[in-house]
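The listed protein sequences correspond, in order, to chains U and W.
Going by the numbering used here, the first sequence opens with residue 18, and the numbers climb by one from there.
Going by the numbering used here, the second sequence opens with residue 592, and the numbers climb by one from there.
Note that CB positions come from ideal geometry on N, CA and C, so glycine has one too.
Have a look at the structure below, then the notes.
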Amino acid sequence: MSGKRVALALALLALLTAPFWVGGVYYVNIVSQILIYAVFAMGVNILLGYAGLVSLGHAGLFGIAAYATAIALSAGLPHSAAILVALIATVAGTAVFAVLALRATGIGFIMITLALGQIIWGLAYRWISLTRGDNGVNVVARPEILGLSLASAEAFYYATLAVFLLAVAVCAIFVASPFGASLKGVRDQPRRMNALGYHVWGIRFCACLFSGLLTGIAGILFVYYTQFISPQSLSLTSSAEVVLMVISGGSGTLLGPLAGAALVVVIKNVASAYIERWNMLLGAIFVAIVIFMPEGLVPGTTRLVRRLFKGRAARAAEDARP
Amino acid sequence: MTALAIAKLEKSFGGLRVTRGIDLAVAPGERRLIIGPNGAGKTTLFNLIAGELRADGGSVALFGQELTRLPSRRRAHLGLSRTYQIITLFPRDTLLRNVMLSLLGLSGLRWNPLRRLEGQRHLMAAAEQALGRVGLAHLALRPLSETSYGERRRVEIAMALAQNPKVLLLDEPFAGLSVDERRDVRKLLAGIPRDVTIVMIEHDMDVALDFAERITVMHFGEIVVEGTRAEIVADPRIKEIYFGE
């Protein structure tokens, strides 16, 4: 078994047994939160890492899913219908975002997504008859799956873990597919791809839809996790935070979003209990990552481990020489 | 039927007319050379033919099919391939992957998000074959970033040939190559079958004049002279363009 597979098996084992060793309900909830943000970051990573498009409006899409779920449940719809409505609303919202934002790339794309995200935030804040403004919308109860209630932290954690693992598997298939190769080609050489016969805009549009779908799934998990949604979750800070998760974990990698999400969520929720200026600590960590591992935590750590093993192998070969 | 027919093609950037009523007819299987001093509008002409720039007026037709309003990608599907003066490849990928991307561009598979690209044996075999045509099969799995400039030029040509084009536009394929590399690329171009019509921009006259059957000379966005090698060499306007009066 290769080192990579051993590391992945250990990570999977750690996730599967997390409720038994993290130490209490509070920490089980923190790990659930990490997985939810990891799915959110995976959605952003599809655009940032594989399409070369930085979105600062994804919190808006996350919010559409969360609000749609909460509002549909408030209207009396069952959980399955509410989730379906939320997914349709998010993908439709993403399509509108994409049609408007894909008129540009680079800074233009960033600015348009930022503006669109702010519009959704503004709607959540001011369309009080629908969203209850600053008061937010409550979700009374979590759903049951096959008769199993997700009310407890542990049950919800395992449901979230299942969704997370499914998202990782789908992303892995997507990235290794011909469409994934087309998307990476469009990221690196759009002009060349056009001349080779690719519909550059169409490929970017489809990538946006997939990204929006993952973001929507994260939004639904989030609203069930907190059982509450308010405009704060749709703010520009939330969008920027997820972009930072992707960059710090390693954009264009499958597990980078998980590492980035773990870093941010742990600092925000755990370190903040001990350090008053936790924002400063988070900033310092980001700066350190950019300086020492500019490619992100996952690819950076892989590089360091490879170098370490190479050095050991070279020394062993040196010692073995007669 | 003409392979490539261009009529009254116009393009301006602001007040600067970079192509002025260009008329060009290239016969099927022909090897056509386009020469002219820097700024003559040769690469702009290629960009207009390939659809990377939108013409202000005039028309472009490929084997009788009107292309003028079609986007670049549609032209590739109709049999028009090109290489670039400044090499435009995918440095993070292997040579094989670069050529596979070229093949994928014309395949419906490019939209498939579920199958594994590495599992597409027919694409891999075709990419290996295309690399073999340019003598790079042994480097198929090498990352592009670890290859020489000359090898990258050949990858560009392999990518264009992999699409089985009807008309191939080569933008300075000998630029920046060593003497040995020029010889290799020259041999490679000479081996392209006659069912591919080639239009080439080149500054290296020794190599290019040998290759081409007809030559078109451009200056200030206009076609000044067109003819065989002997006619071009004998024309006094050529000396005037290159060396002044």
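Determine the burial state of Ala290(U): buried for a count of at least 16 other Cβ atoms within 10 Å of its Cβ, exposed for fewer.
-> With fewer than 16 other beta carbons inside 10 angstroms of its own, Ala290(U) counts as exposed.
Using a threshold of 7 angstroms, state whether the C-beta atoms of Met809(W) and Gly632(W) are closer than that.
-> yes
Quick one: using the 10 Å Cβ neighbour count with 16 as the cut-off for buried, is Arg660(W) buried or exposed?
-> Around the beta-carbon of Arg660(W), fewer than 16 other beta-carbon atoms lie within 10 Å, marking it exposed.
Contacts around Ala31(U), its chain only, beta-carbon distance under 6 angstroms, and the 5 residues preceding and following it disregarded = none
At which residues does the beta strand (DSSP E) containing Met791(W) begin and terminate?
-> Residues 788-792.
Spatial distance of Tyr54(U) from Phe79(U) (CA atoms) | 10 angstroms
Could you please give the first and the last residue of the uninterrupted beta strand (DSSP E) stretch that includes Ser603(W)?
-> 595-604
If we count the other Cβ atoms within 10 Å of its Cβ and call it buried at 16 or more, is Leu213(U) buried or exposed?
-> buried
Would you call the segment 219-231 of chain U and the segment 63-71 of chain U in contact, with 3 or more CB pairs under 8 angstroms?
-> yes
Trp38(U), buried or exposed, once every other Cβ within 10 Å from all chains shown has been counted against 16 | exposed
Spatial distance of Met796(W) from Ala331(U) (CA atoms) | 52 angstroms
At a Cβ threshold of 7 angstroms, is Arg221(U) touching chain W?
-> So no, Arg221(U) is outside the interface.
For Ile792(W), does the count of other Cβ atoms within 10 angstroms reach 16, so buried, or fall short, so exposed?
-> buried
Along chain U, which residues have their Cβ under 8 angstroms away from the Cβ of His668(W)?
-> Gly214
Counterpart residues of Leu671(W) in DSSP-defined beta bridges = Val758(W)
Comparing the C-beta of Gly696(W) with each C-beta of chain U, is any distance below 7 angstroms?
-> yes
Taking just the CA atoms, how far does Glu312(U) sit from Ala288(U)?
-> For Ala288(U) and Glu312(U), the distance between alpha carbons rounds to 25 angstroms.
Return the residue from the list Ile47(U), Tyr215(U), Ala172(U), Val156(U) that minimises the CA-CA distance to Leu163(U).
-> Ala172(U)
How many angstroms separate the CA atom of Val776(W) from the CA atom of Leu752(W)?
-> 13 angstroms
Taking any Cβ of chain U, which residues in the segment 628-641 of chain W have a Cβ under 8 angstroms from it, in chain order?
-> Ala641
Determine the burial state of Gly134(U): buried for a count of at least 16 other Cβ atoms within 10 Å of its Cβ, exposed for fewer.
-> buried
Interface residues of chain W around Ala68(U) at Cβ under 8 angstroms?
-> One finds nothing in chain W with a Cβ atom closer than 8 angstroms to the Cβ of Ala68(U); even the nearest lies about 13 angstroms away.
Beta-ladder partner(s) of Ala652(W), from DSSP | Ala596(W), Glu657(W)
Determine, using beta carbons only, whether Pro704(W) comes closer than 7 angstroms to chain U.
-> yes
Give a yes or no on whether 7 angstroms exceeds the smallest Cβ distance from Pro311(U) to chain W.
-> no
Return the residue from the list Leu182(U), Ser199(U), Ile292(U) that minimises the CA-CA distance to Leu25(U).
-> Leu182(U)
Would a C-beta distance cut-off of 7 angstroms place Gly812(W) and Thr610(W) closer than the cut-off?
-> yes
Mind checking if Ser663(W) is an interface residue toward chain U, Cβ cutoff 7 angstroms exclusive?
-> yes
Alpha carbon to alpha carbon, how far is Ala158(U) from Leu52(U)?
-> 20 angstroms
Is it the case that the Cβ atoms of Ala641(W) and Ala616(W) are separated by a distance below 7 angstroms?
-> no
Exposed unless 16 or more other CB atoms sit within 10 angstroms - verdict on Pro784(W) = exposed
Taking buried to mean at least 16 other C-beta atoms within 10 Å of its own C-beta, is Ser603(W) buried or exposed?
-> An exposed status is given to Ser603(W), since fewer than 16 other beta-carbon atoms sit within 10 Å of its beta-carbon.
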